[in-house]
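K.L.:
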Amino acid sequence: MNSDDILAHARRCAPAESCGFVVRTQEGERYLPCVNISAAPEDYFRMAPEDWLRAETQG
Numbered sequence: 001m002n003s004d005d006i007l008a009h010a011r012r013c014a015p016a017e018s019c020g021f022v023v024r025t026q027e028g029e030r031y032l033p034c035v036n037i038s039a040a041p042e043d044y045f046r047m048a049p050e051d052w053l054r055a056e057t058q059g
């Protein structure tokens with residue numbers, strides 16, 4: 001994982017807020033992009049419950 005992954009995700013989501021997790025695994029740190037399910041995604045972010053669960057199980 002590097003900051004380029006996070007920046008690329010933010011650019012793909014723009015102008016909406018991007019969100020994701022950086023998780024630590026046995027292989028190192030990994031970025032998990034998440035879906036912003038906010039009703040106003042250009043102003044706020046809200047992570048999908050499935051993304052929280054995926055982050056919990058992977059890191």
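Each step along the sequence shown adds one to the number in the UniProt record's numbering, with nothing skipped, and position 21 is 21. Glycine included, each C-beta is placed from N, C-alpha and C at the ideal position.
Taking C-beta to C-beta, are P49 and D5 nearer than 9 Å?
P.N.:
What you label residue 49 is simply residue 49 of the sequence shown in a count that begins at 1. What you label residue 5 is simply residue 5 of the sequence shown in a count that begins at 1. Taking 9 Å as the Cβ cut-off, P49 and D5 do not qualify as a contacting pair.
K.L.:
Just the Cα atoms here: how many angstroms apart are D43 and N36?
P.N.:
Within the sequence shown, the letter at position 43 stands for residue 43. Within the sequence shown, the letter at position 36 stands for residue 36. Cα to Cα, D43 sits roughly 11 Å from N36.
K.L.:
Going by other Cβ atoms of all chains shown within 10 Å of its Cβ, with 16 needed for buried, is S3 buried or exposed?
P.N.:
Start at 1 with the first residue of the sequence shown, and residue 3 comes out as number 3. S3 should be labelled exposed.
K.L.:
For H9, collect the residues of the same chain with a Cβ closer than 7 Å to its Cβ; drop the 5 residues on either side in sequence, then sort them by chain order.
P.N.:
Here residue 9 refers to the residue found at position 9 of the sequence shown. For H9, where only same-chain residues beyond five positions count, the Cβ hits under 7 Å are S18, G20, P33.
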